[in-house]
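Okay, so here's the structure we're looking at.
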Amino acid sequence: MVDRTGGLTLLPRLATLYLGEAERRRVRPLAAPTPRRTVRLAQARPQLKEALVGAYARAVQREAKAALEA
Numbered sequence: 167m168v169d170r171t172g173g174l175t176l177l178p179r180l181a182t183l184y185l186g187e188a189e190r191r192r193v194r195p196l197a198a199p200t201p202r203r204t205v206r207l208a209q210a211r212p213q214l215k216e217a218l219v220g221a222y223a224r225a226v227q228r229e230a231k232a233a234l235e236a
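In this text, residue positions in the sequence shown follow the numbering used here: the first is 167, and each later residue adds one.
This is the structure in structure tokens:
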């Protein structure tokens, strides 16, 4: 879209990992302080799926950390 109309597009950090080389050269980081995002999980009955939600949260944290450190 930016290539056709100009302007800018905000991309999540993980999305930049899938850009081609030409697209990656046009990516510029935001100035400090770097924006952060909080991810929250909501469920109606926490006692029923506590182990599943915990495993999911740990997997998301592990994968996000690994991708951001790459």
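Glycine included, each C-beta is placed from N, C-alpha and C at the ideal position.
All of these numbers come straight from a predicted model, not from anything done at the bench.
Top-ranked residue by Cα proximity to residue i, from the options
i    : options             : result
T204 : A217, A230 and E235 : A230
L174 : L196, L218 and E216 : L196
G172 : R192, L207 and E187 : R192
Reduced DSSP secondary structure (H/G/I, E/B, other) of residue i
i    : result
T171 : helix
T182 : helix
Limits of the unbroken alpha helix (DSSP H) element including residue i
i    : result
A231 : Correcting the residue identity first, residue 231 is Lys in this sequence and not Ala. Here the alpha helix (DSSP H) through K231 covers E216 to E235.
A188 : E187 to R191
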